Amino acid sequence: MNLTLLPLLQQLLLVLAAIVLFLSFVLLAQVRLISAIHAFAWQGALVAAVTAVVAATGQVHHLYFSAALTLALKALLIPWMLHRLTRRLNLERHTESLQSPALVTMGAVALVIFSYWLVLPMIHAEMTFTRNIIAISLSVVLIGLLMMVFRTQAVAQVLGFMSMENGLFLAAVSATDGMPLVVELGVAFDVLVAMVLFGVFFLQLRDSIDSLDVDRLNRLRETGGDSQ
Amino acid sequence: MTPLLLVLLTPLLGALALGLVRRPVVAGWFNLGVSVISLGGALWLGAAVAVTGEVSGTLGAQLFGPSAGLGFRVDAFNVYLVVLTAFVGVTTSIFSRPYMRYVLEIGRIGPRRMRTYHSMYQLFMFTMLLALTTDNLGVMWVAVEGATLATVLLVSLYRTPEAVEAAWKYFILCGVGIALALFGTVLTYFAAQQVIADPAAGLTWSTLYANAGGLEPAVMRLAFVFLLVGYGTKVGLVPMHQWLPDAHSEGPTPMSAVLSGLLLNVALYAVVRLKMLVDGSLAETASPQLAGHLLMGFGLVSFLVAGLFLHRQRDIKRMFSYSSIEHMGLMTFAFGLGGPLATFGALLHMLVHSLTKSAIFITVGHATHIAGTQSIDQIRGLIRTQPAVGWSLLIGVAAIAGFPPFGVFMSEFLLLTATMKSAPWFTLALLSGLAVAFAGLFRHIHPMVYGVPPEGQQPVEANMIPVAVHLSLVLWLGLAIPGFLAGWLDRATLLITGAHLL
Amino acid sequence: MSLTALLTPALSMDTALHLAGLAVVLALLSSIVSLAARRAPWVLRRVATPLLGFVGLAALAAGVMALLVGEVVSVTLPLGLPWLPWHIRLDALSGFFLAVIGVVTCAVGIYGPSYVRSFEHGKDSLTALGGFSGLFLTGMLLVVLADDAFLFMVAWELMSLSSYFLVAFHHEHAENRRAAFLYLLMAHVGGLMILLAYGVLAAFGDSFAFVDLRAAPVPAVWAGVAFALAFVGFGMKAGLVPLHAWLPEAHPVAPSHISALMSGVMLKVAVYGFIRVCFDLIGQIQWQWGVVVLAIGCLSALFGVLSALMQTDLKRLLAYSSVENLGIIFIALGLSLVFLSADFTELGALAFVAALYHCLNHALFKGLLFLGAGAILHGTHERDLDQMGGLLRRMPWTGLFFLVGVLSISALPPFNGFVSEWLTFQAALQAWQLDSGVLRSLIPIASAVLALTGALVAVTFVKVYGIAFLGQARSRHVRRARRGPWGMLAGQGLLAVLCLALGVLPTWVIGLIDAVPRQVLGDGLPQAGAYGWLWLTPVSPQTASYSGPLVVLMLAGIGLTAFWGLNHLWAKGAAVRWVHRGDAWDCGFAPPSPRMQYTATSFAQPIRRVFGLLFQIEESVTIQEDGSTRHRLRIRDRFWGLLYLPIARAVESSARRVVRLQSGNVRVYLGWTLATLVGLLWIIT
Amino acid sequence: MGNFLTGSGWGIAALQSLLYVALAPLLVGWLRKVKARLQNRRGPSLLQPYRDLYKLLAKEARVAHTTSPLFRAAPYIVFTATWMAAATVPLLVVDLPTAAIADIIVLVGLLALARVFLALAGMDVGTAFGGMGASREMLIGALAEPAMLMAVFTLAMTAHSTNLSSVIDHHLSDGFVLRPSYLFALGGLVLVAIAETGRIPVDNPTTHLELTMVHEAMLLEYSGRHLALMEWAAQLKLLLYGTLIVNVFFPWGIGQGLSPAALGLGLAAVVGKLAVLAAVLAVGETVLAKMRLFRAPAFLNLALLLSLLGLLSHVILEVGA
């Protein structure tokens, strides 16, 4: 793929996607919760921007709508809700360090390479542009998952989850010019409801275990103590 | 379209209305009424499908244009699941009415949460029915995610630390799984865009299936992995199953019955639909059976591991949820095996497992009510205290363990036969798995139903009609499969595998 | 089924089939009627259990008729899978086993009503007892009648499941629950094996109907696999060593009349299954099968009888003895397989008939003995031999019938057990005709084992009878034993009379059974009755002959003459009092007390020392503080440690390992998801 | 078999059976006489066993309170079964109908029947000795019976018949053949006979020390005619085994027709052979001592081994292929 041959808008698209990926790394490594929420908001905004750019390149009008939706939801509403929740839960100053950040970051890098390797055989040569975008979004999804694995804080886990959704959205928009409107509306609605429910659960969790440390959720298990 | 609307709108409107009904007693009856109406709709739909072979159409075509609306397709495969879902919905709501009243009486929940419960119950039914009937993969995803959202509050309904924990795990794991499934859906859509002109139809299953041969194999392969891991989480395939026992054991018992009996089926239904697409796409490649092999692998692992899990259980509801994992594993294996015989067996197994397992969960609800605990060690002498409950539990477990003359035996017989024909060596694994699971179930069941009850254990008011109905149906299916059902399943088999069995 | 067809006295297969159908319907009816027993306990005693007697009668009539006519009749029922309806078929083989089921059931039907009366005031559910008894019989009858694998399996598992509920009838004792669990587990595994055997055959045939299985062109290797699976599956049900562990646990804990059915009949149904699959369906017999069956049969016979000898619990002893008898049946079947594989059809038929005859005999005398044990249990509430003694004087009729059972099972002339063992020996003695030297030398060893077994059985049952019925009572409740009701005695009496009749008139019985090998193997025993009904000459008159009637006649003649001569003629001549009662000789020490008698344990002590290696024996003598000594003896089945415990431990330890998956940490769970995803993605590219 | 069933055949059979009963005490008398001579005693008269029997028959029978009717029935059953068993062994001539009624397996069965009743009678009294004797008797019987069956099976397989008459006929028609299998079978059968008839070294028929008794322990409570029948049955059993050994392994002299000459020759031959056998037995008993009970299994295992070797050497060495 020769970058110079691409139209400017597509070049812009690549830049934006790269920043989305970078923000995933930021999310992964960020120790301060508030900053992580900010990073997430930026990621959402970038995804919205990507959507808008795709809408502009492809003249797909309903994508403008989804761009607005994404911006509202991912960049504004959800971060705002998270913000409010952290304040309510007295977590503004909460920091959380990964146990071995270097290793986790290396793992994330490996996942990026893996994603790229994965999509390599996928598509005919003329569509390399799309393919690479898919690789990026796949990496964002996987890093989101990785973040959920390594973050012990419930809010951080939700951030990871939401960042996965960002990756999905990136893929949907950039590779396929967006999904049918019904589906997109449905997905957005589900994400919103999920966020509301997450909020409910933060409160329930704090009520029941006095903390949002998911490692302390270990009552339900089979190991330890003989069953008979 | 009318029956379809009846099936879908009844629970949706019911959910909204139930959110407003304040009196728990009324809500219980209302819930039952709503379920009965949807069952009526489902039966009507079934009759319609029996006559015409397939009912399809688009809802909201006027609103969004013919291609953008909600496409529906009800064929032999999903219609029996629709009827099953509506049916179990009714019987469970029969059970749920007195049971939840008891829960309310002992103060585990208040009237407000009771409202949530009933409303979510119907919402959950709606999402499942939607997932089953829709022709759009995207909508299906939305519906399955919606099912998660609807049930997650139910799991934490009791607000005990365990319940909250279980709900959180359920939410996170299924959320992640479903997100991965969405990625798979996106990839499928992406593959579809290469071959299907109308972008709006790119997620319509019927269209995709018709063009399955043209879908890019490399993309579909990738997509299927995501879909399998995603929906597989929801099916409860090992090693993504961990949410399942937690959610089943901590939620209210009627919820466990529908989760185990229905939700898992719906997720498996989704996997099978997608497998059909992938099979079409991979038919010409070097590994045409890839999807099947993956399913077989996951199925077998789930089956064996869940069987072992059964041996170390302390909680009766957890135990039966592992049993559900085991059976879902078996079905997954069978669908993976492919071929008309295995598919027919798996379809039948879906049916009988749902019926039996929901009957068992209902009985377990009564049993825990009698003993006042879910701990296996403290449930004793049920047959003496309340013979109806004790015997139902024992017979239900015998049925689920695959003893004739119950239907589970029939389907397991078919599955084993099919396995023996196409993959004889797996039979050994299946057999040892069955034996291990069997031992695991019965070693715990025995002391619970037999023996001398503890001092002061009293019988409770129990409505055993749903259990009796379910078990009689399973018995009937074990003795003879009625012709119309056989024809139905055969048509579904034809849809899935392209070949008749009969 | 029309009533007129039933009433037509004509002997025809259709009538037989109708009778068999009637038996099934009656059994179901008995089961359904029992549902009322919850409200009205008398239903069980007055309706449900007597109905079983009629079930037995119908089955017996159907079976005998099928044997007499010697043809085949089949029908299809509109049940089952859409493409595999239930096939029913009645031929000589099914007829024979129907008769076996029928005759014992008949006796149980007579015996049962008085026996179940004692449960009416117990806590255990009478509905369960009656309902599952009926289903149990239904299952057994349908197994024998089934003509496709699916119905066979349904009936088979129905039989297992309902008998399991009967084993768990007295469920308040933990060991009974354990027995029931073990039973059900092994029955399930065995059932799966059988299913697999059918599956292997069906893979080469068109469908699961027996017609197609019979016609299936199975390659030799797969035939061997099918045979092995069937042997393991049916052997598990038949209680062959080392798959016998459930049997001595499960049979004793069921109510006694059910134990009689389980030991007397259900094990035969397993034999039926084995014969049906291996002789009839697979068909192409290989000599290795015969050797395997022979070896396992020998092992079971010897181990079974030695274990029986070690027991002190009467019903457990009887259960172990069933293992031994099934071993003998399988020895005969093994011989038959060996001969058939070498194309000696007539000799194969001889051994086959011996096996069938022993099936029938075992059903009769084991049924009789279990009913007797039930009568003792009813009269004394005691199963422990070491508490019994002197029962012959308290329960003379039961004692007499039990003695008949003891003599029959010990294979003593002129009772029925002897005839079948004699036939087996005759078959074994024809080994010289075989070409293979190895087989020629193996078969004599098998017959040596058979001989040893026979002798040890005699020891075992001398012990049982001597300890339980003779001598003096060893406990107070046994001293006050009650004579059983007439119904119970009549049930035992019927079987006792049959035990003698089958020993005295073997020619007639073999004439009936002959239809089975003629249908299944294509050849019978034309020589058996060549010299009329007095003489049994299975191979040829020159080779061997036995005349049961004359033996009885002479025994009775000489014995009575001697008795009459000595007591009357001689007594008149000599003017002395002829019998004088007195105390037993005390050797000049303390007068004999019941506690000085040999006990069941001490009786078996010499044999225990001789064959001790086969068991895990823990024996210890401790001296108490007060100077008295205490002897502790514990005998365990070696196969537990060799076979069962390792499997149980393996499952336990893998379960313990597997549960680590459920560690409780949601992050670990997510890690699994991630790992699975990455792993799968890796695999597909 | 057909040629067996004639009227005169039945008559001779009855005569032969009576002869068994009549001769049995004589054999014991002879045995005791020889033994006494070997021990440098004069010993009782040859007819002493007859006198003993007569004396017992004339005495009153005492029966313990604790016994059941079985105790009184047992002597008749034991006597009858033993006699019946003996009747099937050709004494003077072959081809009698009694041989067709019951072959060697039935013979073993009848002896087992007698043993079972003997043991049951022993246990019926309810004393320690009865049970002890029964337990030991059954142990010995359990081990002896298979050995005996194996030994006779060797014969039966050679002659292709389990009918004793046919076996003897076969031997006579074959003439003198040296068969390894017979050597083993003979050894086995002799050991079995010693054990079964309660001779030294397995049991001592003359012992009066309760703890060492086997056979006598079961008879402790018997008296009068019951004891007489039991003793007589034991003597019959000895004669039976003796006849079996001499007539099967050394059949020469036995009559093959029903003529008086054949009968006379047969009688003379069998008396002579039995006299020699008893003398050999007496020598054996004089030089050996009684074994401990738990050596008896080893003794009988040897018998079983010999018999089995006989059978194996038959199928391996003599049938060929």
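Protein chains in written order, with our numbering: chain A, 58 to 285; chain B, 12 to 513; chain C, 18 to 702; chain D, 405 to 725. Where a beta carbon is used, it is the ideal one built from N, C-alpha and C, also for glycine. On a predicted model such as this, the values are computed, not experimentally measured, just so you know.
In chain order, Leu95, Val99, Gly272, Leu273 and Asn276 place their CB closer than 7 Å to the CB of Ser365/B, counting only its own chain and leaving out the 5 sequence neighbours on each side.
Contact of Val206/A with chain C by beta-carbon distance below 7 Å involves Arg684, Leu687, Gly688 and Leu691. In this model, Gly407/B and Ala479/B are separated by some 10 Å (Cα to Cα). Counting C-beta pairs closer than 8 Å gives fewer than three between the stretch 246 to 264 of chain C and the stretch 85 to 100 of chain C, which falls short of the contact rule. Bridge pairing for Pro234/C: absent [DSSP]. Residues Leu101 of the same chain have their beta carbon placed closer than 7 Å to that of Ser224/C, with the five preceding and five following residues left out of the count.
Where Ser67/B is concerned, the enclosing beta strand (DSSP E) starts and stops at Val66 to Leu70. Contact annotation: Gly217/A and Gly235/A have beta-carbon atoms that are not nearer than 8 Å. For Ile640/C, DSSP records a beta bridge to Thr646/C.
The beta carbon of Leu511/D is closer than 6 Å to those of Ala489 and Thr492 in its chain, skipping five residues each way along the sequence. At a cut-off of 8 Å between beta carbons, Met283/C makes no contact with chain D.
Here Ala53/B is actually not in contact with Ala26/B; their C-beta atoms are around 17 Å apart, not less than 8 Å. Only exposed fits Trp436/B, as fewer than 16 other CB atoms lie within 10 angstroms of its CB. Using a CB distance cut-off of 8 Å, Gly681/C counts as an interface residue toward chain A. For the C-beta of Lys328/B, not a single chain A residue is nearer than 9 Å; the gap to the nearest is close to 12 Å. Met251/B is classed as buried because its beta carbon has at least 16 other beta carbons within 10 Å across all chains shown. In the three-state reduction of the DSSP assignment, Trp550/C falls in the coil class, being assigned neither a helical nor a strand state. For Thr209/A, the chain C residues whose C-beta falls within less than 8 Å of its own C-beta are Arg684, listed in chain order. Closest in alpha carbon position to Ala65/C, among Ser47/C, Ala75/C and Glu174/C, is Ser47/C. Those residues of the stretch 310 to 328 of chain B placed with their C-beta closer than 7 Å to a C-beta in chain C are Val316, Leu319, Phe320, His322 and Arg323, ordered along the chain. With the rule of 3 Cβ pairs closer than 8 Å, the stretch 322 to 329 of chain B counts as touching the stretch 448 to 458 of chain B. Identification of chain B residues near Ile193/A by a Cβ-Cβ cut-off of 9 Å yields none; the smallest Cβ-Cβ distance measures about 13 Å. Taking all protein chains in view, the Cβ of Ala109/A is crowded by 16 or more other Cβ atoms within 10 Å, so the residue is classified as buried. Beta-bridge partners assigned by DSSP to Ala465/D: Val596/C.
Interface annotation, Leu214/B: in contact with chain A, CB-CB separation under 8 Å.
Inter-residue distance for Asn705/D and Ser717/D is about 18 Å (C-alpha atoms, whole angstroms). For chain A, the residues of the stretch 191 to 202 of chain B that bring a beta carbon within less than 9 Å of one of its beta carbons are Leu191, Leu193, Phe194, Thr196, Val197, Leu198, Tyr200 and Phe201, in chain order. Closest option to Ser637/C, judged by alpha-carbon separation, among Ala359/C, Thr646/C and Leu630/C: Thr646/C. In the structure shown, Ile105/C adopts extended strand secondary structure according to DSSP, grouped into three states. Its Cα nearest to that of Tyr215/C, the residue Lys432/B stands out among Trp487/B, Ala412/B, Lys432/B and Ala353/B. Considering only Pro664/D, Leu708/D, Val652/D and Leu633/D, the residue with the shortest C-alpha distance to Tyr454/D is Leu633/D.
DSSP lists Thr215/B as the beta-bridge partner residues of Asn147/B. Within the stretch 159 to 189 of chain B, the residues whose Cβ lies closer than 8 Å to some Cβ of chain C are Trp179, Lys180, Ile183, Leu184, Val187 and Gly188, listed in chain order. Between the C-alpha atoms of Ala683/D and Leu595/D there is a straight-line separation of about 16 Å.
Exclusion of the five residues before and after Ser386/B leaves Arg325 and Asp326 as the residues of its chain whose Cβ lies within less than 7 Å of its Cβ.
Residues of chain A whose Cβ lies closer than 7 Å to the Cβ of Leu662/C do not exist, since the nearest Cβ in that chain is about 16 Å away.
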